[in-house]
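Q: Protein chains in written order, with my numbering: chain Z, 1 to 191; chain Y, 1 to 116; chain A, 1 to 95.
Ideal Cβ positions, reconstructed from N, Cα and C, are used throughout, including at glycine.
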Amino acid sequence: MTLTTRADKSTAGMVKPLHDSRENAPERRLRPIPFIITFLVMMSMWVIFSGKFDPFHLTLGVISCLIVAYLSSDLLITATTLRKIPLLWGGFLFYFPWLLWQIVLANIHVLKLVFHPDMINRINPQMVHFKSKLKNDMALVTFANSITLTPGTITVSLSLYGDFSVHAIDDASASPLPGDMESKSGRIFGE
Amino acid sequence: MEIDIMTIIVGGLLAIGLFFFLAGAIGIIRFPDFYSRLHPAGMIDSMGLLLSMSGLALFTLFDGGLCLASVLNSLKIALIVVFVYITSPTATHAIIDAGMRAGLKPWTKKRNPQSK
Amino acid sequence: MEQVILYSGIALALIMALSLYRTLVGPTILDRLIGVNAIGSETTVLLIIIGVLYKKVDMFIDIALAYALLNFIAVLASARYFHKRKGLSDESNDY
């Protein structure tokens with residue numbers, strides 16, 4: 001880090017944060033393509049939730065969507081993923097039906113456990129610890145959310161380096177971890 | 001009173017969704033400790049909500065003819081499901097993390113060897 | 001058709017009463033929170049059923065969406081609040 005700014009001097013006494021995006025980023029300027037994409041997403045949301053098509057409501061929608069898109073277009077679409085956006089959404093499109101099918105299977109498994117008369121001897125609650133191969137932050141978060149969304153397994157903690165702690169309800173839920181879900185959620189983000 | 005195919009589909013989806021709701025409620029009552037009770041609660045959020053909401057969205061879509069207003073209403077119901085699917089893991093993780101920080105010990109078979 | 005949805009609503013209300021058991025009895029506060037979360041999810045469906053029965057779906061969908069938002073925020077806030085209660089672990093010694 002060669003450039004010394006005023007922010008460096010003012011925070012000299014404090015602990016330096018890991019990622020300070022204000023230092024690394026150049027000056028804030030509006031990038032047109034993320035702005036347009038954000039505006040279109042916001043506008044379609046407005047039309048769906050409003051349901052009115054007279055000029056008054058549409059003008060209100062355009063004004064508020066312009067403000068929101070100006071303020072937060074760099075939050076929805078970050079610079080590194082701009083080129084990979086079609087790949088990303090295509091990956092989600094292929095990943096989500098598979099995830100839904102896994103959710104259905106896990107639901108039927110937990111359903112059998114709930115109505116089993118000898119339930120207390122069939123369950124075996126346990127904590128499973130494993131280390132994931134994924135490196136990308138978003139891939140890790142998607143993987144953790146997918147684990148929590150399937151009944152029978154809940155992510156308890158997740159570190160930055162991919163150390164998972166998962167609470168599982170019985171052996172049949174615990175044994176296939178990390179399984180296919182890790183590679184499939186990693187494939188969305190190109191790993 | 002005629003029974004058409006829409007009644008069967010919508011009623012079937014609603015009935016299966018309500019069955020999952022019932023299973024979740026019974027599971028919350030029956031399971032032995034706080035950590036294992038979260039699993040049936042996740043079942044309520046994932047499957048019961050999806051099936052009953054899709055039944056209601058189908059009913060809203062075809063009730064009184066296919067027009068723009070009913071399509072928009074069905075889209076809104078679908079957006080509720082999408083929203084719950086995004087937020088439900090976060091809420092579940094917040095609850096289980098609170099339990100971990102408060103120091104609740106998980107129920108295991110080793111500590112309760114004969115539970116009858 | 002309305003009859004099916006009406007009976008579904010009544011059954012859903014009974015299931016909500018069943019979920020209320022854990023909210024009232026539950027040994028720890030977090031158990032009560034699980035019950036509250038489950039009841040909130042069921043209320044979202046019940047609101048849309050009420051809207052279908054009253055022929056005002058467009059109004060009740062917005063209420064249901066706001067209720068789902070509020071349920072999420074309430075569970076998140078109370079989970080963040082109660083994680084410091086050390087008396088929580090004493091309450092659960094009876095099993």
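#1: Give the range of the beta strand (DSSP E) segment to which Z/Leu160 is assigned.
#2: If distances are taken between C-alpha atoms only, which option among Z/Gly186, Z/Phe96, Z/Leu58, Z/Met45 comes closest to Z/Thr150?
#3: May I have the straight-line CA-CA distance separating Y/Ala43 from A/Leu24, to the nearest angstrom?
#4: So Y/Phe20 contacts chain A; which residues on that side make the cut at Cβ distance below 7 Å?
#5: Can you check whether the C-beta of Y/Met53 is within less than 8 Å of a C-beta belonging to chain Z?
#6: If we ignore side chains and look at the alpha-carbon of each, how far apart do Y/Ala117 and A/Val45 end up?
#7: Which value, in whole angstroms, describes the spacing of the CA atoms of Y/Leu66 and A/Gly35?
#8: Looking only at C-alpha atoms, which of Y/His39, Y/Met47, Y/Ile28, Y/Arg30 sits nearest to Y/Ile16?
#9: Terminal residues of the continuous alpha helix (DSSP H) containing Y/His93?
#10: Quick one: Cα of Z/Leu140 to Cα of Y/Leu104, how far?
#11: Quick one: does Z/Val110 have its CB under 8 Å from some CB of chain Y?
#12: Near A/Gly40, which residues of its chain fall below 6 Å by C-beta distance, leaving aside the five closest residues on each side in sequence?
#13: Is A/Thr43 close to chain Y, meaning its C-beta is less than 8 Å from at least one C-beta of that chain?
#14: Looking only at its own chain, which residues have a Cβ that is under 6 Å from the Cβ of Y/Asn73, when we skip the five neighbours before and after it?
#15: Provide the residue(s) that pair with Z/Thr148 in DSSP beta bridges, ordered along the chain.
#16: With a threshold of 7 Å, establish whether the CB of Y/Asp63 neighbours any heavy atom of the ligand SAM.
#17: For Z/Ile169, return the contacting residues in chain Y, with the cut-off set at a CB-CB distance below 7 Å.
#18: From Z/Phe49 to A/Ile63, what does the alpha carbon distance come to, in whole angstroms?
#19: In angstroms with no decimal places, state the Cα-to-Cα distance between A/Gly51 and A/Glu2.
#20: Output, in chain order, the set of chain Z residues within a Cβ distance shorter than 8 Å of Y/Arg30.
#21: Quick check on Y/Thr60 - is its C-beta less than 8 Å from some C-beta in chain A?
#22: Taking 8 Å as the threshold (beta carbon to beta carbon), is Y/Lys105 in contact with chain Z?
#23: For Z/Pro151, decide whether its Cβ has a neighbour in chain Y, counting only Cβ atoms nearer than 8 Å.
#24: Determine the chain Y residues that contact Z/Met127 at a beta-carbon separation under 8 Å, and present them in chain order.
#25: I need the straight-line Cα distance from A/Leu12 to Y/Gly12, nearest angstrom please.
#26: Of the residues Z/Ile36, Z/Lys52, Z/Trp101, Z/Thr142, which one's Cα is nearest the Cα of Z/Leu71?
#27: Quick check on Z/Ser132: does DSSP put it in helix, strand or coil?
#28: Using a Cβ cut-off of 9 Å, pull out every chain Y residue sitting near A/Tyr21, in sequence order please.
#29: Can you give the Cα-Cα distance for Z/Met119 and Z/Leu30, rounded to whole angstroms?
#30: Could you check whether the region 92-101 of chain Y touches the region 20-38 of chain Y, counting it as contact only if at least three pairs of C-beta atoms, one from each stretch, sit closer than 8 Å?
#31: For Y/Val56, which residues from the same chain have a beta carbon less than 7 Å from its beta carbon, with the 5 sequence-adjacent residues on both sides left out?
#32: Look at the alpha carbon of Z/Leu134 and the alpha carbon of Z/Gly162, and state the distance between them as a whole number of angstroms.
#33: Have a look at Z/Val156 and Z/Asp170 and give me their C-alpha separation to the nearest angstrom.
#34: What does the Cβ neighbour count give for A/Ala38, buried or exposed, with the cut at 16 atoms within 10 Å?
#35: Can the beta-carbon of A/Ile5 be found less than 8 Å from the beta-carbon of A/Ile49?
#36: So which of Y/Ala91, Y/Ile26, Y/Phe21, Y/Phe19 has the shortest CA-CA distance to A/Tyr21?
A: Well, looking at it:
#1: Counting along the chain, Z/Leu160 falls outside any beta strand (DSSP E), and DSSP gives it neither H nor E.
#2: Of the residues Z/Gly186, Z/Phe96, Z/Leu58, Z/Met45, the one whose Cα lies closest to the Cα of Z/Thr150 is Z/Phe96.
#3: In the sequence under discussion, the amino acid at residue 43 of chain Y is Met, which differs from the Ala named in the question. Counting only the Cα atoms, A/Leu24 lies some 21 Å from Y/Met43.
#4: By Cβ distance, chain A contributes nothing, its closest Cβ being about 10 Å from Y/Phe20, past 7 Å.
#5: Not flagged as an interface residue toward chain Z: Y/Met53, since no C-beta distance is shorter than 8 Å.
#6: Outside the shown range of chain Y, which is 1 to 116, sits residue 117 of chain Y, and nothing can be said about it.
#7: Straight-line spacing of the CA atoms in Y/Leu66 and A/Gly35 works out to 38 Å.
#8: For Y/Ile16, the closest alpha carbon among the candidates Y/His39, Y/Met47, Y/Ile28, Y/Arg30 is that of Y/Met47.
#9: Taken as a continuous stretch (DSSP letters only), the alpha helix (DSSP H) holding Y/His93 covers 68-102.
#10: Z/Leu140 and Y/Leu104: Cα-Cα distance of roughly 26 Å.
#11: Z/Val110 counts as touching chain Y.
#12: So the list reads Asn71, once near-sequence residues are dropped.
#13: With 8 Å as the cut-off, A/Thr43 does not count as an interface residue toward chain Y.
#14: Apart from the 5 residues on each side of it in sequence, Y/Asn73 sits with its Cβ closer than 6 Å to the Cβ of Thr60 in its chain, given in chain order.
#15: In the DSSP output, where bridge partners are listed per residue, Z/Thr148 has none listed.
#16: With respect to small molecules bound, the structure shown includes none, and the ligand SAM cannot be examined in it.
#17: Going along chain Y in sequence order, the residues near Z/Ile169 (Cβ under 7 Å) are Ser36, His39.
#18: Z/Phe49 and A/Ile63: Cα-Cα distance of roughly 12 Å.
#19: Rounded to the nearest angstrom, the two C-alpha atoms are 12 Å apart.
#20: Residues of chain Z passing the Cβ test: Val114, Met119.
#21: In terms of beta-carbon proximity, Y/Thr60 lines the interface with chain A, with at least one pair separated by less than 8 Å.
#22: No, no contact with chain Z.
#23: Yes, its Cβ sits closer than 8 Å to a Cβ of chain Y.
#24: Chain Y residues near Z/Met127: Pro106.
#25: Distance between A/Leu12 and Y/Gly12, taken at the CA atoms: about 15 Å.
#26: Nearest of Z/Ile36, Z/Lys52, Z/Trp101, Z/Thr142 to Z/Leu71, Cα basis: Z/Ile36.
#27: In the displayed model, Z/Ser132 falls within coil according to three-state DSSP, outside both helix and strand.
#28: Taking the beta carbon of A/Tyr21 as reference, the chain Y residues within 9 Å of it are Ala25, Ile28, Ile29, listed in sequence order.
#29: Taking the straight line from one Cα to the other gives about 58 Å.
#30: The region 92-101 of chain Y, when compared against the region 20-38 of chain Y, does touch it at the 8 Å Cβ threshold.
#31: Just to set this straight, residue 56 of chain Y is Leu in the shown sequence, not Val. Exclusion of the five residues before and after Y/Leu56 leaves Ile77 as the residues of its chain whose Cβ lies within less than 7 Å of its Cβ.
#32: Answer to the nearest angstrom: the Cα atoms are 7 Å apart.
#33: Whole-angstrom Cα-Cα distance: 16 Å.
#34: A/Ala38 is buried by the Cβ-count criterion.
#35: Between A/Ile5 and A/Ile49, the C-beta gap is smaller than 8 Å, which places the two residues in contact.
#36: Taking each of Y/Ala91, Y/Ile26, Y/Phe21, Y/Phe19 in turn and checking the Cα distance to A/Tyr21, the smallest one comes out for Y/Ile26.
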